[in-house]
Amino acid sequence: MQLEFFAEDDIVKIVPNFSLPTFSHSSIRCIGGAFGPFKPNIPVEVPIWLAVALQKRNNCRILQPDWLNTETLQEALDQEKNTAAVFHRLPFHYLEISRILFLHAKEAFGSNLLKVKELVGDICKVRLSKINAGLQVLQGPMTVKLNNLSAAECNVIRPFFQGALDRFHLLAAV
Numbered sequence: 001m002q003l004e005f006f007a008e009d010d011i012v013k014i015v016p017n018f019s020l021p022t023f024s025h026s027s028i029r030c031i032g033g034a035f036g037p038f039k040p041n042i043p044v045e046v047p048i049w050l051a052v053a054l055q056k057r058n059n060c061r062i063l064q065p066d067w068l069n070t071e072t073l074q075e076a077l078d079q080e081k082n083t084a085a086v087f088h089r090l091p092f093h094y095l096e097i098s099r100i101l102f103l104h105a106k107e108a109f110g111s112n113l114l115k116v117k118e119l120v121g122d123i124c125k126v127r128l129s130k131i132n133a134g135l136q137v138l139q140g141p142m143t144v145k146l147n148n149l150s151a152a153e154c155n156v157i158r159p160f161f162q163g164a165l166d167r168f169h170l171l172a173a174v
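Each residue of the sequence shown is one higher than the one before, counting from 1 in full-length UniProt numbering.
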């Protein structure tokens, strides 16, 4: 839940079906910045939280992110399977963003919704198995490369690293 909150600040494209009056310069000013201009049928980039709020009011249509299409996900899955020591670069909150969009913007995926869900799930499984395999071979003075991990994946391995660092701290105190 907390990770989804942070993921909602990521940017997506929407197609608004409204325009703002000219006195507001056709944009919405928020603490995080100004978003817009909002003109009917002209794509604009906004944070996910704003896109979902506008979509709930039928004021926009959320567009599928480029990285969340079947071809890109299939390529990412193939790379994950073929390279055991390297994690393919995906958005830091890819799991949370996909969950939010699957819930609030199903129509953005059209007939590919189930395939996209399946690919995201497969990528997640492959990456978690790579993490587990990497952590199981830790012996002696060794380093583990964990580049390109997502927020959810960092959350999964956090207890392991916290426990290990606590033990190092206890051993150093002796």
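C-beta: ideal position from N, C-alpha, C; glycine also.
Per the DSSP calculation, residue i is bridged to which residue(s)?
| i | result |
| --- | --- |
| Ile123 | Paired residue(s): none; Ile123 is not in a bridge. |
| Ile62 | Ile14 |
Let me know if residue i comes out buried or exposed under the rule of 16 or more other beta-carbons within 10 Å of its beta-carbon.
| i | result |
| --- | --- |
| Ser98 | buried |
| Ile42 | exposed |
| Leu73 | buried |
| Arg127 | buried |
| Pro16 | buried |
| Leu103 | exposed |
| Phe109 | buried |
| Cys30 | exposed |
| Met150 | Here residue 150 is Ser; the residue named in the question, Met, does not match the sequence. Ser150 is buried by the Cβ-count criterion. |
| Pro65 | buried |
| Ala51 | buried |
| Ala7 | buried |
| Leu171 | exposed |
| Val116 | buried |
My assumption, with CB atoms under 8 Å, is that residue i sits in contact with residue j. Please give the rounded CB distance.
| i | j | result |
| --- | --- | --- |
| Leu113 | Lys106 | 6 Å |
| Lys130 | Ala76 | Going by Cβ atoms, the distance from Lys130 to Ala76 rounds to 13 Å, so no, they are not a contact pair. |
| Ser19 | Phe5 | Their Cβ separation, rounded to whole angstroms, is 30 Å, which puts Ser19 and Phe5 out of contact at 8 Å. |
| Asn148 | Leu3 | Not really, about 16 Å apart at Cβ, beyond 8 Å. |
| Ser26 | Gly36 | 5 Å |
Just verifying my parser: in three-state terms, what is the DSSP assignment at residue i?
| i | result |
| --- | --- |
| Phe5 | helix |
| Pro91 | coil |
| Gly36 | coil |
| Pro21 | coil |
| Val43 | Correcting the residue type first, residue 43 is Pro in the shown sequence and not Val. The answer is coil: DSSP assigns Pro43 none of H, G, I, E or B. |
| Ile31 | coil |
| Val52 | helix |
| Val116 | helix |
| Leu149 | coil |
| Phe72 | The sequence shown places Thr at residue 72, not Phe. Helix, per DSSP. |
| Ala108 | helix |
| Arg158 | helix |
| Pro85 | According to the sequence shown, residue 85 is Ala rather than Pro. Note: Ala85 maps to coil in three-state DSSP. |
| Arg57 | coil |
| Ser129 | helix |
Any contact between the region 113 to 130 and the region 87 to 101? By contact I mean 3 or more CB pairs, one from each, below 8 Å.
With the cut-off at 8 Å, the region 113 to 130 and the region 87 to 101 touch.
So, do the region 40 to 55 and the region 10 to 22 have three or more beta carbon pairs nearer to each other than 8 Å?
Short answer: they touch.
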